[in-house]
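For the sequence shown, the numbering used here assigns the number 1 to the initial residue and increments by one for each residue that follows.
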Amino acid sequence: MAEGSRWRPPRPCEAYRAEWDLCRSARHFLHHYYVHGERPACEQWRRDLHSCREWEERRSAEAQRSLCESERARVQTARKHALVWTLRQSPPADWHLPLPQEKDE
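Listed below in structure tokens is the structure:
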């Protein structure tokens, strides 16, 4: 970690507040419940917001450590999920031909 006085949170505190507000919104709740079948977990965004404000007000080492760990975990979670489909570099050679059901008609 960098020197305590020069270190800055990975995101501004307003970003944590916006993420927390979004997570608690009815629209997000319904979407998350429909897709995942469970309530969204918004507690981490609230803890991050609290840690960010703690850092801005008191320069707390615990808040700095908490934010670093949270962002590290968030990045690891995003990397864990690989793409389902393999991306192609060019279209198939026969992309312009009619589909099989169109040939029968």
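Positions of the beta carbon are idealized from the N, C-alpha and C atoms, including for glycine.
query, result
"Cβ neighbours of Glu62 in the same chain (closer than 6 Å, five flanking residues each side left out)", "none"
"Length of the line joining the Cα atoms of Gln89 and Ala15", "36 Å"
"Buried versus exposed, by CB contacts within 10 Å (16 or more), Asp48", "buried"
"Exposure of Trp95, with buried meaning 16 or more beta-carbon neighbours within 10 Å", "exposed"
"Supposed close pair Trp45, Cys23 - CB separation, criterion 8 Å", "5 Å"
"Alpha carbon of Gln64 to alpha carbon of Ala78, nearest angstrom", "21 Å"
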